[in-house]
Structure formats: structure tokens, C-alpha cells
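Number of protein chains: 2
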Amino acid sequence: MTTNTTTAEDLFPTRLATPGDFIERAQPAVWGSADDGPFTASDLEAHEQRGFTIIDDFIGADDVALYSGELDRLAADASLKDDPRMITERTTGTVRSVFEVEKLSEALDALARNPYVLDRARQIVGSEVYLHQTRINYMPSFTGTGFYWHSDFETWHAEDGMPIPRSVSLSIALTDNYPFNGGLMVMPGSHRTFVPAVGETPENNHEQSLQAQEAGVPSHAAITTLADRYGIDQFTGAAGSALWFDSNIMHGSGNNITPYARSNVFMVFNSVENTLVEPFAAKAQRPEHIANREFTPLR
Amino acid sequence: MTTNTTTAEDLFPTRLATPGDFIERAQPAVWGSADDGPFTASDLEAHEQRGFTIIDDFIGADDVALYSGELDRLAADASLKDDPRMITERTTGTVRSVFEVEKLSEALDALARNPYVLDRARQIVGSEVYLHQTRINYMPSFTGTGFYWHSDFETWHAEDGMPIPRSVSLSIALTDNYPFNGGLMVMPGSHRTFVPAVGETPENNHEQSLQAQEAGVPSHAAITTLADRYGIDQFTGAAGSALWFDSNIMHGSGNNITPYARSNVFMVFNSVENTLVEPFAAKAQRPEHIANREFTPLR
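Listed in order, the protein sequences are those of chains A and B.
Residue 193 in the numbering used here is what sits at position 193 of the first sequence, and the numbering runs on without skipping anything.
For any residue, its number in the numbering used here is found by taking its place in the second sequence, counting from 1, and adding 1000.
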């Protein structure tokens, strides 16, 4: 019998005192089959190999406008000014992310529960799912700063106690993603390789890591090895396109000096068979608006 | 009779106290014809329209290795450590540029004088040419910082007294330029439009402007207008590819968090009929390793 107690064994030791070897994961990226949802067998095979799937025109212009409007509304909401769910740019004070948007926006709550989205998430993780984290991200024009290379799962495992990489993230572009306006770079196939990070997690690390990550950052040598092995792709596409990606894929983004801002909706669907335990490499849990511990399946 | 005295009339007022209108330039980008050199009539027509020309495989792998070796040799030369021609990254101290490389490297001096290069430069500016500025640039992997949007001619006019945009720059890639490793972005056609900058030039501005430009920077509104009008292209291509570009084209580059460093040789060929006068918008001339005042035609 599998319980949370046995899955709490630490299969991905990280935040180590000295550099550790890469771990080639035993778990698949895709847990379901073509019979379980809208993705075809070849879609799922490609997702398993590359660790991500891009769908152009995933949502239409009306929905892009709807969710963009929600971003503007939340960014302008004076009652949220000191809310911990609002993350601002370190240098300019501009809103960079709004977390837990399913609780702040009926439209985004409905999006997460829409079978058009939910069936795909369930199919990839092979079970019912719940929302581990949601946010709207905004990268301003001219002064947008990127995110350095990282695996989301490394953080979620170390700081949130997510046992294994059995979760899938959905990023929906609300603006056009060009190759030159700070779009996401991914290393196709890198989701198979877990890169242990060096260095103990500072207390209350999330208070700065959401502006610029410092703990859990892979070494230059590790990034070079992964890039040589897997190469680098960019997520480009018009507003409305979607990127489904594995929680352990190595990704990052450069800065944005163009006049074209970038924003997106980001939702993480975790398997209800992979719910959080105590953090594997941090002294305390992160707040629930960053790492949800309400595991009720989405319906 | 045209002399330097009459061409010293300030046709491009800049570093103004208040924002000025764009100036649509009267001068062509291309002054020669197909009979004058290796570029065909359609090559020249395209250069006139777009303000730049990309040539793949402009130099071969042996030459790429030769010039890369010169960069490494100069960056490691202890006798150049405190030489003003060596520009380092503000944060890391890594060599960012080496100026006046034709005087530091016989190989690069020979490159500038090679008819394969020189005939193209002469053809574009329609006269004999001399070197206004040369450098090798190095953008490191992981921590490379870009250059914000600017027109080279705006600086050369304001700070060096270059009368009109009758010069052409050659950038030869010594490393592969991907869309994602901090490569050059250009706005095709923007060379036709001169954007006056706001703000007086600080004294000894070049002492910091070569690390990160602050004076002569176009406003967000101006960049947005130009981008809407002209769009943004990227200079991508393998090591050995060349970019010939007009001195007034609006260009910039983002940062580089990839494991792929970027380096290039950069040479500016100015017409001997467009030699420098006193700076149009600065109190003193810049040093000659940045703005050469030895106008002998290259042979």
C-alpha cells in the first residue's frame, strides 16, 4: 500500500553541502494514455520526450482580453497593495506576479476548472489534480528582468515537500512572445535529469526568491552540461498560445528591453497522489498562496 | 565647394534641453553603385531600404579561430591591464571590449585593409574610407549584459563631431549568434530617422558610457514609435557571419544567461569626406582610441 508516509522518502536530495551527481529520474512525465483525454498518443509521446507541448491558439482573443483585464484589475486593486500575493519588481516596484489568482478572479477559477484545461492536466499526470500554485506574471517592456535557469520541481521539492515530479504546469501567453522580448527558454528533455542544488535554504527564502531566485540555482557547470546535452528552445507564439511543461524541466528567461511587455497566466496542476509533505530541504513550509495545501480535486 | 567647414553645420541637433522632433535624414545609406564594388545593385537597394546587410560565411573557420585567438591574447595581456582601451564589465570585471584593435593586432589591421572588406566599405560610403573606431567585443555566458537601444551615429555626432551618417559598421561574429544569447536587435529602416536625445552630455561621459550608456539614450516613447513603424529583427547566424550596418540604425541587445558566450569584431569605416570636426554636443573630444582623428585613407 502506498501512502504519503512512504512517498515522503527523499528521492531527490538537494540544497546539499557539496555538489551532488545528477539524478536521472525513474518517473515518467506522462502518466496517462491517449484513452484518458484530448492529447493523442503522439502528443503524449512527444511530451514524454521533450517535457513540454506548445499549443497555438489554445484560447481565443476574447479570453486573452478577459484574462488580461483581470491582470490589470488586480494590479490596480488598492486593497491588494500590501497583500503578500502581490510581487513587485525589485528595482521599479511594478507588479511582477499576482499569486493565488483562482481565489482573486472568478474568471481564472473557471479557467482552471474548465474541462478543456482540466482534462489535459489529468491526462498528463494520470489522476485527479489540484492546483499547487497559480499566478499571473507581467514582464514590463524596456525594463523587464528575467528569471535565471531553474527547475520548478527542485524548489517545490526542497521548499514545499512535493515528493516526485508528477505535476504539470500550464502557461498561457496573454501577449505575443517574440524571440527577443524575454520569452521562456527551455531545454527539451532536461526534465529527465534532476540537478541537485548546492547550499542550504535561507529562512523565509520565498520573500526574495520570487523577485530573483538565489537558493536552488544550478551551477554554471550543470547548466552547460544540460545545454550541451539537450540544447535550448524558446517558447514563442502569439497571444493565446499555451505551453504545457513538466515540473522538472530546466528553464529561464532573459531580460526585456523591447517596447513589448509580456504577460501570462501560470497554473500548476499536481496529482492528488503526489500531495505535499514536509519540505525536504527547508526549515518551514512556504505560505499557502505559494504552495497550496488544500488538496481537494478540481472539478 | 564643399569643405569640412560647411559640413560642420549641425544637421542633427541632439542632447537637447527638451524633446525634439525626429529628423528624417536627407543623406542616403548607400553612396556608391554596383559598378563600384562587390555588392550587386539589389544588395545595395536592400541595404538602402533596411539599413543593414547580413552575409553568412563572410569569413572561414580559420579566420574565426585567428581573430578569436587575438581576443584571448589581448584579454590576457598583463601589459594592457590598465590600458584605457580595455573596457571591463561593471559588475564582474571581465573584459567587455578592447578598442583600437588595428593597432594592437597585425591580423586585425590586415583584416581592415583586406580588399574583401575594404571594397565593400568604400562601395557603401562612396569614397575612400578610414577607421573611425574598432573593437573586439566579448559578451560572457551566464552574466553577459546587453546594450540598451541606441544609434551609434547619435553618439558619434554629439560626442565626436561626425557631421553626417556617411559611415558603415562591420560586425563579424566570432561565436554563433542564437536568438537567445544576447544577440543584436535592429529596427530595419530606422536608419532613415534620427532621434534627438534629451539631456546634456556629462563631462568624460565615455568613461562610463562604454560599460552602460546613459546619455544619448532615446526615450521609451521614441523607441515604441520606431518599433511600431519599423519592427524588430535579430542578427542571428553562425560564427563567421557578417553584419554591415548603417551608423544611424536603432539597435540594442538583451542580456545573456545562456552558456554560450558571444564575441565579435567591430570596425567602423567613415568616409574621408565626412571627417570629424569639433563635437556637436559635448565640451571635449573623446580620446582617439574611441574616435580616431587620423584620417588617412585605408589602403
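Glycine included, every Cβ here is placed at the ideal spot set by N, Cα and C.
Coarse secondary structure for residue i, derived from DSSP in three states
i: threonine 5(A); result: Since pLDDT at threonine 5(A) reaches only 45, below the 50 mark, its modelled position is unreliable, and no value is offered.
i: isoleucine 124(A); result: helix
i: tyrosine 116(A); result: helix
i: serine 1141(B); result: coil
i: histidine 289(A); result: coil
i: tryptophan 156(A); result: helix
i: methionine 1187(B); result: coil
i: leucine 1243(B); result: strand
i: tyrosine 1148(B); result: coil
i: arginine 1302(B); result: In the structure displayed, chain B extends from 1001 to 1299; residue 1302(B) sits before or after that span and is not available.
i: glutamate 24(A); result: strand
i: serine 219(A); result: coil
i: threonine 1224(B); result: helix
i: alanine 1284(B); result: coil
i: leucine 1276(B); result: coil
i: serine 1105(B); result: coil
i: alanine 173(A); result: strand
i: arginine 166(A); result: coil
i: arginine 192(A); result: helix
i: arginine 1135(B); result: strand
i: leucine 1011(B); result: coil
i: arginine 262(A); result: strand
i: arginine 73(A); result: helix
i: leucine 1080(B); result: helix
i: leucine 16(A); result: strand
Min CB distance residue i to chain A below 8 Å
i: threonine 1224(B); result: yes
i: methionine 1267(B); result: no
i: proline 1179(B); result: yes
Chain A residues whose Cβ lies nearer than 9 Å to that of residue i
i: threonine 1258(B); result: Trp149, Met185, Ile223, Ala227, Ile232, Gly252 and Gly254
Chain B residues whose Cβ lies nearer than 8 Å to that of residue i
i: phenylalanine 142(A); result: His1220 and Ile1223
Integer-rounded CB distance, given that residue j should sit under 8 Å from residue i
i: arginine 135(A); j: glutamate 128(A); result: Between glutamate 128(A) and arginine 135(A) the Cβ distance is about 22 Å, and since that is not below 8 Å, they are no contact.
i: alanine 1173(B); j: alanine 1239(B); result: 5 Å
i: phenylalanine 194(A); j: asparagine 248(A); result: 6 Å
i: leucine 298(A); j: tyrosine 130(A); result: 6 Å
i: proline 1196(B); j: proline 1013(B); result: 6 Å
i: leucine 74(A); j: leucine 80(A); result: 6 Å
i: isoleucine 1223(B); j: glutamine 1027(B); result: The Cβ separation is near 23 Å, so there is no contact.
i: serine 241(A); j: isoleucine 54(A); result: 6 Å
i: alanine 1117(B); j: leucine 1170(B); result: Sequence check: residue 1117(B) is valine here, not alanine. With 8 Å as the limit, valine 1117(B) and leucine 1170(B) qualify as a contact, their Cβ atoms being about 7 Å apart.
i: proline 1038(B); j: arginine 1120(B); result: 6 Å
Minimum Cβ-Cβ distance from residue i to chain B less than 8 Å
i: glycine 161(A); result: no
i: threonine 18(A); result: no
i: arginine 293(A); result: no
i: methionine 1(A); result: Note on methionine 1(A): pLDDT 37, under 50, position unreliable in the model; no value is reported.
Contacts that residue i makes with chain B (C-beta to C-beta distance below 9 Å)
i: glycine 337(A); result: A question about residue 337(A) goes unanswered here, because the residues of chain A that appear run from 1 up to 299.
Cβ of residue i within 8 Å of any chain E Cβ
i: methionine 162(A); result: No chain E appears in this structure, whose protein chains are A and B.
Practice item. Scan the segment 1033-1071 of chain B and note each continuous alpha helix (DSSP H) run of 4 residues or more that stays entirely inside, going in chain order. Key: With a minimum length of 4 residues, the continuous alpha helix (DSSP H) runs that stay inside the segment 1033-1071 of chain B are 1041-1050.
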